[in-house]
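Residue numbers (my numbering): 50 to 153. Virtual Cβ for every residue (Gly too), placed ideally from N, Cα, C. Quick notes on the structure that follows.
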């Protein structure tokens, strides 16, 4: 998400991932400590920090996306089109159930 939209706040990221701002703050702190992102003050709202990927962070994201594409291709090659459609349907149901459970 940070790769596509630069400069998101802790609250925006937390809402997008259905987690608390406190949890997102811990995650961002760890990523910042690892040199994968930086947090800069919002130009208009001084108390808001905007998270941006560093060049290293962008590289790590690219590597992850590349690996994910490889795994997806491997799974896709192992299934016919009917099986792929069914798997996608089931994974969407699981994702929906997990989203609902996270709101409890």
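| Query | Result |
| --- | --- |
| Residue 102 in three-state terms, based on DSSP | strand |
| Residue 152, DSSP secondary structure in three states | coil |
| For residue 88, three-class secondary structure by DSSP | strand |
| Cβ-Cβ distance between residue 100 and residue 57 below 8 Å | yes |
| Unbroken alpha helix (DSSP H) run spanning residue 72, endpoints | 70-82 |
| Counted within 10 angstroms of its Cβ, other Cβ atoms place residue 78 as buried (16 or more) or exposed | exposed |
| Closest by C-alpha distance to residue 121, when choosing among 65, 153, 137 | 137 |
| Cα-Cα separation between residue 126 and residue 72, rounded to whole angstroms | 37 Å |
| C-alpha gap between residue 75 and residue 66, whole angstroms | 14 Å |
| Cβ pair residue 90, residue 80 closer than 8 Å | no |
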